[in-house]
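What follows is a set of notes on a single structure, which appears directly below.
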Amino acid sequence: MSNVPPNMPPNMPPGGGVPPPPYDPRTQWRVYREQQRAAWRAQRDAMKAQSHAWKAGYVGAYGPRVPSIVGPVILIGVGVVALTIYTGHISASDFWAWYGRWWPLLLIGAGLALLGEWALDLKRETPVRRGGSFVGILILLAFLGVGAAGYNHMGPWFNNWGNHDDFFNSFGLPEHDMDQQVLNTQVAANATVDIENPRGDVSITTGDGSNVEVHAHAIAYASSDMEANKIFAAEKANVTVSSNAVLVKSDSNNNGRINMTVTVPKSARVTINANRGDVAAAGLGAGLTVSAPHGEVHLSSITGSVQVHLANDKHDFSAHQVQGDITLEGHCNDLTFSEVKGKVIVNGEIFGETHMENVAGPIHIHTSVTDMEVASLPGDLTLNPDDLRVTEAKGQVRVITHSKDVDLSQIYGETYVEDRDGRISVEPAGAFGVEAKNTKGDVEVTLPPNASASVNARTHNGDIVSDFPLPSMEGENKSATFQIGSGGSRVVLSAQNGDVHIKKGSTIPGPPPTPIIAAAPTPPTAPNAPHLKAPKAAPLPPKPVTQ
212 MSNVPPNMPP NMPPGGGVPP PPYDPRTQWR VYREQQRAAW RAQRDAMKAQ
262 SHAWKAGYVG AYGPRVPSIV GPVILIGVGV VALTIYTGHI SASDFWAWYG
312 RWWPLLLIGA GLALLGEWAL DLKRETPVRR GGSFVGILIL LAFLGVGAAG
362 YNHMGPWFNN WGNHDDFFNS FGLPEHDMDQ QVLNTQVAAN ATVDIENPRG
412 DVSITTGDGS NVEVHAHAIA YASSDMEANK IFAAEKANVT VSSNAVLVKS
462 DSNNNGRINM TVTVPKSARV TINANRGDVA AAGLGAGLTV SAPHGEVHLS
512 SITGSVQVHL ANDKHDFSAH QVQGDITLEG HCNDLTFSEV KGKVIVNGEI
562 FGETHMENVA GPIHIHTSVT DMEVASLPGD LTLNPDDLRV TEAKGQVRVI
612 THSKDVDLSQ IYGETYVEDR DGRISVEPAG AFGVEAKNTK GDVEVTLPPN
662 ASASVNARTH NGDIVSDFPL PSMEGENKSA TFQIGSGGSR VVLSAQNGDV
712 HIKKGSTIPG PPPTPIIAAA PTPPTAPNAP HLKAPKAAPL PPKPVTQ
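Add 211 to the 1-based position in the sequence shown for our numbering, that's all there is to it.
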């Protein structure tokens, strides 16, 4: 029996009240869709809030996240170092040598910075977490430091290894040697002679005839005579003649070397390719081309142009009594030039000292630190990592360098010098123009007592001192423009963070000297042609210290 009271609708709830609306599918779908939209908007707002929390530091179980300052500081440091190397303010080789020794300081500095941040975070009311995204960069820099340190320790060993017979005998085997049969081949007087010796020294000189004579001394590193004989057979020297072209070649062998002394006609043009070995040449009359990537080169009494190609090894080069131009490319240690009638061009790094004297032609030197041009050098020139000195130069002298003391005296021509982190001293030998700029350091010019010049001097954070009458100056930035005598030559001096000194010399210089080229001596005879290298000039007296 139904509990619905009489005369009531069938869908009325028990006890009466408002009847529910009839079921409508469209209305239900609309309600469901609005619910889904509201849930999606709530999820979107939550994702936005989480993104802002990651960017600005969020508060979680461990407190807000705060980025560390160590990463940006490391990137700034790397950028500054790269910029100074790229602009030439510091040498790349010097930096890596320093970094290979002191790279652990980077880890110490990063650790101290993190400790400082940790100590600062302890004072916060709310604990924080520091980001460690810089750890990968720190590990990379540590690997670079280990690599640079390894190169610093092993690099000199590798360089010295190639200088001695130990390079060819890395396993310490017994040494066997043998003089091979002398090769004597008649060639044209104006022949082109190519000498290729992959392992071993080459000494070349000239003879009176039209023969090419080869004396080969073979060295083998082997545990028995039988093995040594096999090496001797494999590295034998050969001479091949094709019309005017002559090829003197030794076959290479990894367990030995062959030293060759070659005599050629005086008018022959010679090319030498010695991969691992020294080269000495004397008495050639038609020029010379040398490629010696891993050896020293010493030349004497050469007529004609000379081209020399070196590699990255720190070996010496010398050239004496050359009646022609000399072009040298590559890295080397000590350079010595004397009595050169033509021009001298040096392009590469110089790790030791350069000494030149009595060069009749122009001189061009280009390294990563120094660009230099001298019109003629009847006197001498010395260049090393700390100093650049020129005494008695004829014609224009132009120097652009840094981190060196530049001392130019008895200059019979115009002078232009740019330097920084060093001292400039110029002494013209007459009424010649001088322009000297020093970014950090003093500038000193010594003029003849009868000088005639228009002087423009200025300095920042320094003083201007002159033995000639000077107008009064005050302030941090000082400048003076005045005239000495009739004002014939132009003298412009500029010093940043340094003083300008204008001195009066004590003597009047004489006429400019003329380079004298001595007569070529008789070349040595084969097979005892020595490796010619003249002794270095006596060291110059020390410079007076500028107060």
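Glycine included, each C-beta is placed from N, C-alpha and C at the ideal position.
Under a Cβ-count criterion, where at least 16 other Cβ atoms within 10 Å of its own Cβ denotes burial, should ASP545 be classed as buried or exposed? In the sequence shown, the residue the question calls residue 545 occupies position 334. ASP545 comes out buried.
On a CA-only basis, which of LEU384, LEU318, LEU331 and LEU326 is nearest ALA353? Give me that one, please. Taking the sequence shown and counting its residues from 1, one reaches residue 353 at position 142. Checking every option, the nearest Cα to that of ALA353 belongs to LEU318.
Can you tell me the Cβ-Cβ gap for ILE622 and ALA604, rounded? I've got them flagged as a contact below 8 angstroms. If you number the sequence shown from 1, residue 622 lands on position 411. If you number the sequence shown from 1, residue 604 lands on position 393. About 5 angstroms separates the two Cβ atoms, so the contact holds.
Where DSSP assigns a beta bridge to HIS509, which residues make up the other side? Start at 1 with the first residue of the sequence shown, and residue 509 comes out as number 298. DSSP, once it has assigned bridges, lists ALA491 and SER529 as partnering HIS509.
With the cut-off set at 9 angstroms, would you say ASP527 and GLY563 are in Cβ contact? As a first step, residue 527 is located in the sequence shown; it is residue number 316 there, counting from the start. As a first step, residue 563 is located in the sequence shown; it is residue number 352 there, counting from the start. Taking 9 angstroms as the Cβ cut-off, ASP527 and GLY563 qualify as a contacting pair.
Taking contact to mean at least 3 C-beta pairs separated by less than 8 angstroms, is the segment 465–475 in contact with the segment 417–427? yes
According to DSSP, GLY195 sits in a beta bridge with which residue or residues? Lying outside 212 to 758, the shown extent of the chain, residue 195 is not represented and no answer is given.
The beta strand (DSSP E) that contains ALA444, what's its start and end? In the sequence shown, the residue the question calls residue 444 occupies position 233. Counting along the chain, ALA444 falls outside any beta strand (DSSP E), though it belongs to the alpha helix (DSSP H) covering 436–445.
Contacts around SER620, its chain only, beta-carbon distance under 6 angstroms, and the 5 residues preceding and following it disregarded: Against the sequence shown, residue 620 aligns to sequence position 409. Closer than 6 angstroms at the Cβ level, and outside the excluded window around SER620, lie THR602 and GLU638.
Backbone secondary structure at GLY590 - three-state DSSP: As a first step, residue 590 is located in the sequence shown; it is residue number 379 there, counting from the start. In the structure shown, GLY590 sits in a strand (DSSP, three-state: E or B).
Kindly say whether PHE679, judged by its beta-carbon, lies nearer than 9 angstroms to any beta-carbon of chain C. Although the question refers to chain C, the structure presented lacks it and comprises just one protein chain.
Buried or exposed (CB count within 10 angstroms, at least 16 for buried), ASP710: Residue mapping note: residue 710 aligns to position 499 of the sequence shown, counting from 1. Buried: at least 16 other Cβ atoms inside 10 Å.
Per DSSP, LYS648 is paired with what? Counting from one through the sequence shown, the residue named residue 648 turns up at place 437. DSSP output for LYS648 lists GLU629 and SER705 as bridge partner(s).
Delimiting residues of the alpha helix (DSSP H) encompassing PRO639: Here residue 639 is taken as the residue at index 428 of the sequence shown, counted from 1. Element bounds for PRO639: not the alpha helix (DSSP H) but the beta strand (DSSP E), 635–639.
How is the alpha helix (DSSP H) around ILE622 delimited, first residue to last? Position 411 of the sequence shown, counting from 1, holds the residue named residue 622. Run containing ILE622: none in the alpha helix (DSSP H); it sits in the beta strand (DSSP E), 616–623.
Please list the terminal residues of the continuous beta strand (DSSP E) segment that includes ALA330. Working through the sequence shown from its first residue, we reach residue 330 at position 119. Not the beta strand (DSSP E): ALA330 falls in the alpha helix (DSSP H), residues 315–333.
Span of the beta strand (DSSP E), counted from its first residue to its last, around MET684: For this step, residue 684 is matched to residue 473 along the sequence shown. Looking at the DSSP string, MET684 is not in any beta strand (DSSP E), and its letter there is neither H nor E.
Can you name, in chain order, every residue of its own chain whose Cβ lies under 7 angstroms from the Cβ of PRO732, other than the five neighbours on each side? Looking up residue 732 in the sequence shown gives position 521. Note that PRO732 has pLDDT 43, beneath the 50 cutoff, so the model's placement of it is unreliable and no number is given.
Less than 8 angstroms separating the Cβ of ILE415 from some heavy atom of the ligand SAM? The model depicted lacks the ligand SAM and carries no ligand whatsoever.
Within this structure, are the beta carbons of HIS531 and THR514 separated by less than 9 angstroms? Residue numbering aside, residue 531 sits at position 320 when the sequence shown is read from its first letter. Residue numbering aside, residue 514 sits at position 303 when the sequence shown is read from its first letter. No. Outside cutoff.
Give me the residue from THR417, GLN392, GLU407 and PRO385 with the minimum Cα distance to ALA400. Here the question's residue 400 lines up with position 189 in the sequence shown. Selected option, being the one with the closest Cα: THR417.
Under 8 angstroms, with one C-beta from each stretch per pair, do the segment 625–643 and the segment 668–677 reach the 3-pair mark? no
Does the separation of the CB atoms of GLY606 and GLY633 fall below 9 angstroms? For the purposes of this step, residue 606 is identified with residue 395 of the sequence shown, where counting begins at 1. For the purposes of this step, residue 633 is identified with residue 422 of the sequence shown, where counting begins at 1. Not closer than 9 angstroms, so no.
So HIS387 packs on ALA456, CB below 8 angstroms; how close in whole Å? Within the sequence shown, residue 387 is the residue found at index 176, counting from 1. Within the sequence shown, residue 456 is the residue found at index 245, counting from 1. At roughly 34 angstroms, the Cβ-Cβ gap does not stay under 8 angstroms, so HIS387 and ALA456 are not in contact.
Rounded to the nearest angstrom, what separates ALA448 and VAL292 at their Cα positions? Locating residue 448 in the sequence shown gives position 237, where the first residue counts as 1. Locating residue 292 in the sequence shown gives position 81, where the first residue counts as 1. When rounded, the distance between both Cα atoms is 51 angstroms.
Reduced DSSP secondary structure (H/G/I, E/B, other) of ASP388: Residue numbering aside, residue 388 sits at position 177 when the sequence shown is read from its first letter. Correct three-state label for ASP388: strand.
What would DSSP say about ALA359, mapped onto helix, strand or coil? Translated into the one-based positions of the sequence shown, residue 359 becomes position 148. Three-state DSSP puts ALA359 in a helix.
Cβ atoms of GLY541 and LYS554: under 9 angstroms apart, would you say? As a first step, residue 554 must be located in the sequence shown, where it is residue number 343. As a first step, residue 541 must be located in the sequence shown, where it is residue number 330. For LYS554 and GLY541, no; Cβs fall outside 9 angstroms.
For ILE287, count neighbouring C-beta atoms within 10 Å of its own C-beta (all shown protein chains included) and say buried if the count is 16 or more, exposed if not. Here residue 287 corresponds to residue number 76 of the sequence shown, with the count starting at 1. With fewer than 16 other Cβ atoms within 10 Å, it is exposed.
Among ASP412, SER697 and ASP674, which residue has its Cα nearest to the Cα of ALA706? Residue 706 sits at position 495 when you count from the first residue of the sequence shown. Out of ASP412, SER697 and ASP674, ASP674 has the C-alpha closest to the C-alpha of ALA706.
Alpha carbon to alpha carbon, what distance is there between LEU384 and ALA433? Translated into the one-based positions of the sequence shown, residue 433 becomes position 222. Translated into the one-based positions of the sequence shown, residue 384 becomes position 173. Going from the Cα of ALA433 to the Cα of LEU384 covers about 5 angstroms.
Where does GLN694 land, buried or exposed, given buried means 16+ other C-beta within 10 angstroms? Taking the first residue of the sequence shown as position 1, residue 694 is located at position 483. Classification for GLN694: exposed.
For ALA400, which three-state DSSP category applies? Translated into the one-based positions of the sequence shown, residue 400 becomes position 189. ALA400 falls in the coil class under three-state DSSP.
Spell out the partners DSSP gives TYR432 in its beta bridges. The residue given as residue 432 occupies position 221 in the sequence shown. According to DSSP, which records beta bridges pairwise, TYR432 is partnered with GLU386.
Considering only the alpha carbon of each residue, which of ALA359, ILE406, HIS613 and LYS651 lies closest to THR451? In the sequence shown, residue 451 corresponds to position 240, counting from 1. Closest by alpha carbon: ILE406.
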